[in-house]
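**Q** Chains as they are written, first to last, in the working numbering: chain A, 4 to 505; chain B, 4 to 505. Just so you know, even glycine gets a beta-carbon here, dropped at the ideal spot from N, CA and C. Mind looking over this structure? Questions follow.
Next comes the structure, spelled out in structure tokens:
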């Protein structure tokens, strides 16, 4: 069985609190096995109850007293979880290929992060809530240097922190609007005697509060505050009944996979979408000029939709041609999961993006930006907290670990193995699966039939994956995911497709 | 000297790291002095350098390499700061009456919070970033019960967490929109076969994405993401060049202080504003119906503008009469600073608000809500992180301390003393000061002349206060602020007004 090879293993077990993990280290010899960091221990998932189990259901009853629980899958026992394994409230041990919606770069309870959490320099920022916009911590410049700036995308030497991905994008849009108005007017601020500009903006009226827009793509998701939501076009229940900014929306290429087998028709589809982008920019110039374009390197919630590097290079050129800001949303694609720290590094851009937004595996939200879109006057961008700087200590250590353990390489290699394994399964289950695709460990496959049932049945067999778009399964494992973990996941997917009518 | 009485004191000093604090405990006898919790130690501020000092300026130079520093006042040494005293990067010891823009209920480095920060149950949530929207922590229901629900406003049994105040308000508005549409249509969702509703909302178009509005007040501040910013009407530089939702804006009463001396003219002014609110609701019913009204109990950034309890009772009745949601933004007024946990508890409402939003001294953002505005289908409100549940452990301990140390009473008593002291100063400096006002420790006074200069000169004398609106000084001290701290602040304000031309 290609999916769960049972030979050449060294068996042992280790204990986390009072839960015994029966673990297997992959590798062909005892020595190789020993050389693996403890955090890549492999074990077979153990599911004892339906998920959600009785304990999770009881807890849902408690939450129901103060909150709608309809989005809750189950409850986690974070204390007992470790690395790639999430333990739920019913003591089920689950191989987690979703990692808190892609928020955990190193899996659960990384030993070194645990040490960082108790450090005085982190605790100072946890206990004392800085209003960073005005009263910054004296260690902040050094900390940013050792964390955020170490992984700054090429060409973007500025960075600002925010509380979450939605705030990151909202503020990136604000930066685009500020830059656009400065650029078009030729100077930073209207003269002080221009009362109309200053008084109208306070009342949300032109000219101070201009009609401007962000161009986004069908299938994109950029957050759920109302402006971010106006650039989000995935599930209707996220958007129904919500007022929105009426901003231009372009089609995102609908490509055929594997990409290398459909190059010419995919190129045509991408050209069609790029033409619409240009048309929209022109069309909206009278109505609400496009100040920026926002795009995900891979549409991470809207169906794991890929586009070619060439598409993004051309899109960047369109932004330059029309002098609009180019905003790349790397909230989900960032932090090495595609094999590079930032997914847009794959593109080979001649001119870097103007803004790159982040959150999730970065522990904190925010965005990198170039000097062009920097603001020059006070109070233009900011809020009281500017996110939580304590998290930068976790990021700093994570960057060190990713480098030391060569986890970008692991994402690339294990990711290739995951995509190849999905393709193998696609060959076996050719009516049920199609469209296997991935960049590094950022992988997906489409299901013909009930995708939700497949996700649910996999969970019941101890493997947690996510849904993406209408019919895709997404994998967002940690960066310490190994080929043997891939084998386990593929084995369970194989089991589901073999034994369950979907 | 009423402002800094020098008699009956017990002198001692204690040491934080390597900085010696020369402290004075207030009280008329040795025994009374000893009985004070250590955290109310009083000391004279010590300013050795101009603020920002050379070290702060050097650090600003470092930050300037990656971020605009125009909003930065100075850098803080959080490790050395204690209780009501903020130590800056240049070792200046500052009496902090602003507390990180009102974000610190117990001052710096509260001993009990330090212990909580290192607890395993907090660390589990710090190291393992839960995607609370789907995979909640098994200890979350209990933790919410012991923290957020212990201080739930009367009538609001539901609560949801968010990352910051802007997200709290954005999501409160979303809840209002959801409720409004459900209420007007008579059921939760359009039927599944109503393709137009579901497909139009994804493209930001009616009918799925309806024209609806939130009514806000001139002088209000509700956050800086774009929808929250559309309800914010304070400083033009926050809003200039930003597109906004065109939503109705009502005047907020401009009252004369002291309120008790101007009751009848203030009542007329409030009646005028309430009439405009009703007119706007009617007027906008065709254009973009008002789904909710959002208001601060005291306009906390826009000038510390108060309104009477009667105004808010009538405003609440208007919301009921027109069947729109009543959203009270307690981001800055919450957490005992007005003498009650929530400022709106002073109003004596017959019907509680529908939604109360919070952040700042609550450590986490979010909002309380009643069953009416709860949503019934999944995916309507939420995001990946839903704020940072680790912070709820800090809130839990804070609630215990506020109760044990009777800090609501302290806020009331010390606050009364602060307002009275401001009024005394107003009598002495009758051309420079006017409009002393406060509720508990939430206090302000207006400056005739350069308010910014007064704030700056006070800081240079070791007392940090904030600006509010065009000409007010605001006090947002911790809940452990004492009358003797008031004396120090008043002494420095007196010095400034006596010796500096403003």
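Where residue 471 of chain B and residue 273 of chain A are concerned, what is the direct C-alpha to C-alpha distance, given to the nearest angstrom?
**A** Cα to Cα, the separation comes out at about 52 Å.
**Q** Examine the Cβ distances between the segment 150-164 of chain B and the segment 370-386 of chain A and report whether three or more of them are shorter than 8 Å.
**A** Flag = no, the segment 150-164 of chain B and the segment 370-386 of chain A do not touch.
**Q** Are residue 293 of chain A and residue 287 of chain A close, meaning C-beta to C-beta below 8 Å?
**A** Yes, the pair counts as a contact, with Cβ atoms nearer than the cut-off.
**Q** Compute the Euclidean distance between the alpha carbons of residue 146 of chain A and residue 399 of chain A, then round it to the nearest angstrom.
**A** Taking the straight line joining both Cα atoms gives about 8 Å.
**Q** So, is the C-beta of residue 233 of chain A closer than 8 Å to a C-beta in chain B?
**A** Interface residue, yes.
**Q** Identify every run of the beta strand (DSSP E) within the segment 441-491 of chain B, keeping only runs that are complete inside it and at least 3 residues long; order them along the chain.
**A** If we require 3 residues or more, the beta strand (DSSP E) runs fully inside the segment 441-491 of chain B come out as 445-450, 469-471, 475-478.
**Q** Measure the C-alpha to C-alpha separation of residue 190 of chain A and residue 461 of chain B and round it to an integer number of angstroms.
**A** Spanning the two alpha carbons is a distance of roughly 35 Å.
**Q** Using only alpha-carbon positions, find the residue among B:136, B:99, B:131 that is nearest to residue 389 of chain B.
**A** It is B:136 whose Cα lies nearest to the Cα of residue 389 of chain B.
**Q** What are the uninterrupted segments assigned as beta strand (DSSP E) that are 3 or more residues long and contained completely in the segment 89-138 of chain B, given in chain order?
**A** If we require 3 residues or more, the beta strand (DSSP E) runs fully inside the segment 89-138 of chain B come out as 96-99.
**Q** If we cut at 8 Å on Cβ distances, does residue 138 of chain A have a partner in chain B?
**A** Yes, contact with chain B.
**Q** Would residue 88 of chain B count as contacting chain A if we go by Cβ distances under 8 Å?
**A** Cβ-Cβ to chain A under 8 Å: no for residue 88 of chain B.
**Q** Find the residues of chain E that neighbour residue 103 of chain B, judging by a C-beta separation of less than 7 Å, and give them in chain order.
**A** This model lacks chain E altogether; the protein chains it does include are A and B.
**Q** In angstroms, rounded to a whole number, what distance separates the CA positions of residue 354 of chain A and residue 251 of chain B?
**A** The straight-line gap from Cα to Cα measures roughly 42 Å.
**Q** Could you check whether the Cβ of residue 204 of chain B sits closer than 8 Å to any Cβ belonging to chain A?
**A** Chain A contact via Cβ: present.
**Q** Below 8 Å on the Cβ atoms is my contact criterion, and I expect residue 330 of chain B with residue 284 of chain B to pass it. Report the Cβ-Cβ distance as a whole number of Å.
**A** With a Cβ gap of about 14 Å, residue 330 of chain B and residue 284 of chain B do not count as contacting.
**Q** Do you know whose CA, among A:186, A:275, A:332, A:259, lies nearest residue 301 of chain A's CA?
**A** When only C-alpha atoms are compared, the closest one is A:332.
**Q** Does the segment 476-483 of chain A come close enough to the segment 397-412 of chain A to have 3 or more Cβ pairs within less than 8 Å?
**A** Cβ pair count under 8 Å is three or more, so yes.
**Q** Check whether the Cβ atoms of residue 381 of chain A and residue 60 of chain B lie closer than 8 Å to each other.
**A** Not in contact: residue 381 of chain A and residue 60 of chain B (Cβ atoms no closer than 8 Å).
**Q** Quick check: the Cα distance between residue 586 of chain A and residue 254 of chain B, rounded to an integer number of angstroms?
**A** There is simply no residue 586 of chain A to check, as chain A begins at 4 and stops at 505 in what is shown.
**Q** For residue 216 of chain B, which residues does DSSP report across the bridge?
**A** According to DSSP, residue 216 of chain B bridges with B:293.
**Q** Any heavy atom of the ligand GTP within a distance shorter than 7 Å of the CB on residue 391 of chain A?
**A** For the structure depicted, the ligand GTP is absent and the ligand set is empty, with no information on it obtainable.
**Q** Among A:217, A:78, A:260, which one has its Cα closest to the Cα of residue 442 of chain A?
**A** Answer by Cα proximity: A:260.
**Q** Chain A beta carbons: is any one of them nearer than 8 Å to that of residue 420 of chain B?
**A** Taking Cβ atoms only, chain A never reaches closer than 8 Å to residue 420 of chain B, which makes this a no.
**Q** So, with DSSP's three-state summary, where would you put residue 170 of chain B?
**A** Helix, per DSSP.
**Q** Using the DSSP secondary-structure output, state which residues sit across from residue 163 of chain B in a beta bridge.
**A** B:370, per the DSSP bridge assignment.
**Q** What are the boundary residues of the alpha helix (DSSP H) that residue 270 of chain B is part of?
**A** Taken as a continuous stretch (DSSP letters only), the alpha helix (DSSP H) holding residue 270 of chain B covers 266-286.
**Q** Does any residue of chain A have a CB that is nearer than 8 Å to the CB of residue 370 of chain B?
**A** By this cut-off, residue 370 of chain B is not an interface position.
**Q** Mapping the DSSP letters down to three states, classify residue 140 of chain A as helix, strand or coil.
**A** Strand at residue 140 of chain A.
**Q** Quick check on the DSSP output: the alpha helix (DSSP H) that includes residue 312 of chain B runs from which residue to which?
**A** Per DSSP, residue 312 of chain B belongs to the alpha helix (DSSP H) from 312-324.
**Q** Within the continuous alpha helix (DSSP H) that includes residue 307 of chain B, where are the two ends?
**A** Per DSSP, residue 307 of chain B belongs to no alpha helix (DSSP H) and is neither H nor E.
**Q** If contacts are defined as beta-carbon pairs under 8 Å, then residue 229 of chain B and residue 173 of chain A qualify, I think. What distance do you get, rounded to the angstrom?
**A** About 6 Å separates the two Cβ atoms, so the contact holds.
**Q** In the DSSP assignment, what are the bridge partners of residue 332 of chain B?
**A** For residue 332 of chain B, which the question treats as bridged, DSSP gives the partners B:360.
**Q** Buried or exposed, going by whether 16 or more other CB atoms sit within 10 Å of the CB of residue 417 of chain A?
**A** Looking at its Cβ environment, which holds 16 or more other Cβ atoms inside 10 Å, residue 417 of chain A is buried.
**Q** From this set, A:447, A:159, A:166, which residue's C-alpha is nearest residue 133 of chain A's C-alpha?
**A** For the residues A:447, A:159, A:166, the minimum Cα distance to residue 133 of chain A belongs to A:166.
**Q** Give me the chain A residues within the contact set of residue 542 of chain B, using Cβ-Cβ distance strictly less than 7 Å, ordered along the chain.
**A** One cannot answer for residue 542 of chain B here, as it falls past the ends of chain B, which runs 4 to 505.
**Q** According to DSSP, simplified to helix, strand and coil, what is residue 431 of chain B?
**A** Of the three classes helix, strand and coil, the one that applies to residue 431 of chain B here is helix, per DSSP.
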